[in-house]
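Student:
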Amino acid sequence: MSTTLDDHQSNNHLTGFDITALVIYFILLVGTGFYSMFKYNRSTVKGYFLANRQMPWFCIGASLFASNIGAEHFIGLASSGAAKGTKNLENKMNSPHIYLHVLGISVGAFELNSIAVIQLLGWVFLPVFIATGVSTLPEYMSRRFGGQRIRVYIACLYLLLYILTKISVNIYAASLFINYAFHWDIYLSVLFVLMLTALCTVSGGLASVMYTDTVQAIIMIFGGFVVMFLSYKEIGGLSNLYRRYLNAMPSVINDESYGNMTNIWLNQTNLTSTCGKPTMKSFQILRSISDPDMPWLGFFLGHTPNTIWYWCSDQMMVQRVLAAQTISHARGGTLLAGYLKILPLFMIIIPGMISRTLYPNTVACNQPSVCESICHSKRSCTNIAYPTLILKILPNGFKGVMLAVMLAALISGLTSIFNSASTIFTVDIYPNLLFYRRKKIKNRESMIVGRLFVIVMTLFGIAWIPIVIQMQGSELYIYMQQVIGFLAPPIACIYLLSVLWTRANERGAFAGLMIGFIFGLLRMILEFSQQPPLCGEKDTRFWLIRKVHFMYYALFLFWLTFLTCVIVSLCTEPPTKQQLYRTTFWTRNQKSDTELIKMKQQINSGASFVR
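Read in order, the letters of the sequence shown are residues 474 to 1084 in this note's numbering.
Below you can see the structure in the form of structure tokens.
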């Protein structure tokens, strides 16, 4: 077998400028952490987990953006932009199940959809959460419905989602970049970064996390713009990208590892040379309702509940706005985050497409043995699209800057996750453990438990990394969206009903959550127990996976949960007056009986004074 590869073994030695950039980055990071440690009181639960509710709007917006855009976005979004093309082979191979992913700029829809949903957090959900005075979202469920079972269940499900979609994916994406770009030992690199991340998290609490997030956001945006402008310049503008991307195919078209399957294709249709070739769909964000990658109806109706969960009912995001000085600062932060969410399409996704166009023999490889020799994956090497672009187009000395950017993305994501996870465990799970139920836990004990739990979450995340590698194929970002789509719609549905429908009760909410979780877990097991087909292979997976897009299944889960909650709630007793006190959008300004009596007394005393 003969191959023609790009020279992907670039000179990866760090220069003095690279080392200087890294040193400056670490000084900024540590300095910001120490500043927040001395500025805020961390000896109380409120001070440690909510930064004493003193954060300004720009820190909130920057922290929302930095917490969202982790290393998995730089790797995953660019990878999806460079993903393989779809070929309709139904007539040629008499097999309707042979297809390949084509994403291109369509993956940007996930980012753009967030712009409007973030504002729901500031204008609909946040006023309710503030009115209830809660510290965590599972705690809100306890206030809204009474009891503890929904609170504990939601808290445990949050932690599961953090492990499956955030901690493990973030660490894997960063280690992928470090290993490919600098050939450093993965485990030592990950260990060093995790130690630094844990130090930032456990030492300063939420204030430290949000201030470092602000610095990280500035670094990420600066580095992202540098790569964006240089890549646009290298390709010669977007018009050249449009023309050249459609022909971005590797020169290698022969691979013995395909065996008889390849020979059949060559003899009958000569399709191996076009296996994975980009199509015009690559430049369409939303497509037909039956599109296998981005159906517009499935996206708007099926993915929007996932987005609502992420921005409006995920502890990691809501915790940042709960730390605001005032509700005006919180809303200002959501507006800033919404504007910043426009950037990934131009800063990450399109550069990923440019990387495939400029270096098709590595990024766009379509032969298993060739891909394995390049990136240790038989399926595809699109996950190295962004690292390849950095190594090829950045001038000597700037690799340290981009390493700082990737570290910033990793650390900002992990610090946010660790802080939120420790908050949930300390406030919602630890006091309700069957063998350790206490109504009151001392602040010092809460601090120690929260910090120790960060270590536990880290170990679970690392243990899940090999499974992520096996399940995600070459589509890291799509893997994340699928897991969220299988587990998050029931949560989003119940939070929407809790905030907007006063008749929803505890039995209905719990029944809806259980039914939605069972059906979602069933689909997730089916999805990840069978590997997706390689380029050119027949898709023999279970019919539910082949025929029903995960976004449409997310839509099914949402409405299944909705109907279950509504029916059970209407068939059982309504919530009590105390459960509705300031816990819904319609009752958020409700006065208590004591407050009403005081107001009436003040009015009467004022009237007497006038007389």
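Where a beta carbon is used, it is the ideal one built from N, C-alpha and C, also for glycine.
None of the values given here were measured: they were computed from a predicted structure.
If we ignore side chains and look at the alpha-carbon of each, how far apart do C1038 and G993 end up?
Tutor: When rounded, the distance between both Cα atoms is 16 Å.
Student: Excluding the 5 residues preceding and the 5 following H776 in the sequence, name in chain order all residues of the same chain whose CB lies nearer than 6 Å to its CB.
Tutor: Only M1024 meet the Cβ criterion.
Student: Would you call the CB atoms of I890 and M789 closer than 8 Å?
Tutor: Yes; because the gap between Cβ atoms is below 8 Å, this pair is in contact.
Student: Pick from L576, L864 and D901: whose alpha carbon is nearest that of L759?
Tutor: Answer by Cα proximity: L576.
Student: Spatial neighbours of I1040 within its chain, please: C-beta separation below 8 Å, excluding the five flanking residues on both sides.
Tutor: Excluding residues within five positions, the ones whose Cβ falls inside 8 Å are G981.
Student: Near V874, what residues of its chain come up, given a Cβ to Cβ distance below 7 Å and the 5 sequence neighbours on each side ignored?
Tutor: Cβ neighbours of V874 beyond the five flanking positions: A494 and G696.
Student: What does A797 pair with, by DSSP beta-bridge criteria?
Tutor: A797 is bridged to M528.
Student: Name the DSSP bridge partner or partners of R760?
Tutor: DSSP lists P768 as partners of R760.
Student: So, is W1016 buried or exposed, given that buried needs 16 or more other C-beta atoms within 10 angstroms?
Tutor: Flag for W1016 reads exposed.
Student: Just to confirm before moving on: does the CB-CB distance between A882 and I533 stay below 8 Å?
Tutor: Taking 8 Å as the Cβ cut-off, A882 and I533 do not qualify as a contacting pair.
Student: Rounded to the nearest angstrom, what separates L703 and Y859 at their Cα positions?
Tutor: Spanning the two alpha carbons is a distance of roughly 13 Å.
Student: List the whole-angstrom C-beta distance separating I822 from A551, where the pair is believed to meet the contact cut-off of C-beta under 8 Å.
Tutor: Confirmed, about 7 Å.
Student: For S755, which of helix, strand or coil comes out of DSSP?
Tutor: DSSP places S755 in helix when its eight states are reduced to three.
Student: So, under 8 Å CB-CB, N856 and L649 are touching, yes? Tell me the CB distance rounded to an integer number of Å.
Tutor: Sure, about 6 Å apart at Cβ, within 8 Å.
Student: Is the distance from the Cβ of E545 to the Cβ of A646 below 8 Å?
Tutor: Cβ atoms of E545 and A646: closer than 8 Å.
Student: Tell me whether the stretch 609-628 and the stretch 918-935 touch, counting them as touching only if at least three CB pairs, one residue from each stretch, are closer than 8 Å.
Tutor: Too few Cβ pairs lie closer than 8 Å, so no.
Student: Y715 and F756: beta carbons closer than 8 Å?
Tutor: Taking 8 Å as the Cβ cut-off, Y715 and F756 qualify as a contacting pair.
Student: Judging by CA-CA distance, which residue of Y498, G886, I815 and F959 is the nearest neighbour of T1034?
Tutor: Of Y498, G886, I815 and F959, the residue nearest in Cα terms is F959.
Student: I need the straight-line Cα distance from A1027 to I644, nearest angstrom please.
Tutor: Distance between the alpha carbons of A1027 and I644 is about 26 Å.
Student: Per DSSP, what kind of secondary structure is D491 in: helix, strand or coil?
Tutor: Three-state DSSP puts D491 in a helix.
Student: Which stretch, first to last residue, makes up the alpha helix (DSSP H) that contains L995?
Tutor: That run of the alpha helix (DSSP H) goes E979 to S1002.
Student: Use the C-beta contact count for C471: other C-beta atoms within 10 angstroms, 16 or more gives buried, fewer gives exposed.
Tutor: No statement about residue 471 is possible, as the shown extent of the chain runs from 474 to 1084 and does not include it.
Student: Do three or more CB pairs link the stretch 954-974 to the stretch 624-639 at distances below 8 Å?
Tutor: Yes: the two stretches touch, three or more of their Cβ pairs being nearer than 8 Å.
Student: Could you check if A589 is buried or exposed, using at least 16 other CB atoms within 10 Å of its CB as the buried criterion?
Tutor: Looking at its Cβ environment, which holds fewer than 16 other Cβ atoms inside 10 Å, A589 is exposed.
Student: Which two residues bound the contiguous alpha helix (DSSP H) that contains P841?
Tutor: Here the alpha helix (DSSP H) through P841 covers P841 to C848.
Student: Going by C-alpha to C-alpha distance, which of Q689, P817 and V700 sits closest to F499?
Tutor: Checked all of Q689, P817 and V700; the closest Cα to F499 is Q689.
Student: Between the Cα of A803 and those of F531, T488 and D491, spot the shortest distance and give me the residue it belongs to.
Tutor: Nearest C-alpha to A803: F531.
Student: Compute the Euclidean distance between the alpha carbons of L816 and Y968, then round it to the nearest angstrom.
Tutor: L816 and Y968: Cα-Cα distance of roughly 29 Å.
Student: Start and end of the alpha helix (DSSP H) containing R616?
Tutor: Start and end: L610 to F618.
Student: Would you mind stating whether A556 and P723 have Cβ atoms separated by less than 8 Å?
Tutor: For A556 and P723, no; Cβs fall outside 8 Å.
Student: What separation, rounded to the nearest whole angstrom, lies between the Cα atoms of T638 and M953?
Tutor: Cα-Cα distance, rounded: 5 Å.
Student: Check each candidate in W974, P1006, K814 and K1020 and name the one with the smallest Cα separation from R996.
Tutor: For the residues W974, P1006, K814 and K1020, the minimum Cα distance to R996 belongs to K1020.
Student: Identify, in the order they occur along the chain, each residue of the same chain with its Cβ nearer than 8 Å to the Cβ of T1057, setting aside the five sequence neighbours on each side.
Tutor: So the qualifying residues of the chain are V601, R617, S971, V972, L973, W974 and T975.
Student: Check this for me: beta carbons of I542 and L949, under 8 Å apart or not?
Tutor: Going by C-beta atoms, I542 is not nearer than 8 Å to L949.
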